[in-house]
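Scroll down for the structure; my scribbles are underneath it.
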Amino acid sequence: MKRALSLAFMTVAELSPPDAVSAARHAGYDSVDLRLLPVAPGDKTYDLSARSPVIRQALERMASTGIPVFDVEQIKITRELDIRLLEPFFETVVRLGARRVKVAAVEPDRSMVVDKMAAICERMRPHDISVDLEFMMWSSVPTLKDAEQVVAAMGCDNAGILVDALHLSRSGGTPADIAGIPPRRFGYVHLCDAPAALPADTAAMLEEARTQREFPGEGELPLVSLLRTLPAGLTVSVELALRDRGYDAQTRARLGAESARRVIALADHRD
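What follows is the structure, given as structure tokens:
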């Protein structure tokens, strides 16, 4: 089974949504991921109204290139989050025809995280859109085990787990940990590389995740084992962060696709 490649937002973070669509097409990806809600310092805030020029341009670019939107990010689950205020975001996700929405949690009350993510899933269910929880060491859902517990507690068939190769490593996880989780729990995978050695502290982990993600195959993460352990049909989203490497967005996208395909070929080749 051919593994679909999606161009992650972070790989081409400086591009607008329509230009990210074009970059995905030129670099040979099957789809693109867009960030429409700000997460990190410096993230853009977009007009998500029904007449939004940038969304209209993205739709036009999708039509002309044939590149669909795979994932839209990111809802941050906090105590203060009012799901009703996300309606323009939800409507935009539907307009774009996205297949998945990414969420992360910083609220320490686990039951509140479960309830709010379940509400997001219910809002997306009529549109056949899945919702994926990303675990990260600086979030309130730091490990794969924590993410699996949240998703299991929800009982929503359109809830999943996003496995990020870097976050799995930095949270002390290994591909072997995936084997004990039902395959239906997994939504998709973020592929990048990094040294095996852990950063000194959580702040350094955050900096690494945002600025030092290497091309797949350049580092020491067990990417081949990871891909072999995850369900074979999962989309591979290539997420790079190479602030100091001097590549422009299009070159990053192209080299990311090429390196990801090499790793995928190794994972799919079995003697």
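If you read the sequence shown in my numbering, its first letter stands for residue 89, the second for the next number, and so on.
In this text, a Cβ means the ideal position worked out from N, Cα and C, and glycines have one as well.
Of the residues Pro271, Ala341, Ile208 and Leu294, the one whose Cα lies closest to the Cα of Pro230 is Leu294. In the displayed model, Phe303 falls within coil according to three-state DSSP, outside both helix and strand. Spanning the alpha carbons of Cys244 and Arg213 requires a straight line of approximately 9 Å.
Taking the C-beta atoms as reference points, Ala345 is found nearer than 8 Å to Leu93.
For Glu222, the number of other beta carbons within 10 angstroms of its own is at least 16, and it is reported as buried. Val219 and Ala186 do not touch by the CB rule: their CB atoms are close to 11 Å apart, not below 8 Å.
Leu328 is not a Cβ neighbour of Ala253, given a cutoff of 8 Å. Per DSSP, the unbroken beta strand (DSSP E) holding Ala247 starts and ends at Ala247 to Asp252.
For the pair Ser313 and Pro270, the CB atoms are not nearer than the 8 Å cut-off. Burial state of Arg333 is exposed, judged by a 10 Å Cβ sphere holding fewer than 16 other Cβ atoms.
Secondary structure at Glu210: helix, using DSSP grouped into helix, strand and coil. Listed in chain order, the alpha helix (DSSP H) runs fully inside the region 123–153 are 141–153, counting runs of at least 4 residues. In the DSSP annotation of this structure, the continuous segment of the alpha helix (DSSP H) that includes Val182 starts and ends at Glu175 to Leu184.
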